[in-house]
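*Asks:* Handing you a structure now.
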Amino acid sequence: MFNQAIRRKLERFLGDFMYELTKEEADELYDFLGNTGKHGGRRKKPFVFTENDIRSKFDKLEDGTNRLFKVVFQRLDEIDEKIAPKLSPNPRC
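Per my numbering: the sequence shown = residues 9 to 101.
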């Protein structure tokens with residue numbers, strides 16, 4: 009359902025900040041999440057969004073919702089700072 013909504017409004021999403029995973033990347037993601045992606049019928053490759061695209065979309069939301077998502081993104085940034093060194097041997101720039 010999510011992919012269908014994205015495909016219907018593709019022009020609203022910036023190409024630099026959104027891409028579709030390859031089959032191999034999607035399989036890796038499903039394995040990482042503990043979901044084979046093979047149950048419940050045919051699966052399409054998921055779209056992936058960068059933080060920039062998501063933030064740009066939420067900046068256009070009304071004030072109350074926008075404030076909520078700013079808090080969520082601050083928390084995600086904190087989590088990212090904690091786990092990024094564990095996931096990659098190279099420090100982030």
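The beta-carbon is built from N, C-alpha and C at its ideal position, and this holds for glycine as well. Predicted model, so just to flag it, every value in this text is computed and none were measured.
If you follow the alpha helix (DSSP H) that L29 is part of, which residue opens it and which one closes it?
*Replies:* Here residue 29 refers to the residue found at position 21 when the sequence shown is read from its first residue. Segment: none, L29 is in no alpha helix (DSSP H) and carries neither H nor E.
*Asks:* Alpha carbon to alpha carbon, how far is V56 from E33? Give it in angstroms, no decimals.
*Replies:* The residue you call residue 33 lines up with position 25 of the sequence shown. The residue you call residue 56 lines up with position 48 of the sequence shown. Near 11 Å, if we compare the C-alpha coordinates of V56 and E33.
*Asks:* Have a look at R15, I87, D88 and flag the residue whose alpha-carbon is nearest the alpha-carbon of Y27.
*Replies:* Your numbering for residue 27 matches position 19 in the sequence shown. Of the listed residues, the one whose Cα sits closest to Y27 is R15.
*Asks:* Determine, using beta carbons only, whether K7 and K53 come nearer to each other than 8 Å.
*Replies:* What the structure shows of the chain is the stretch from 9 to 101, and residue 7 is not part of that stretch, so it cannot be assessed.
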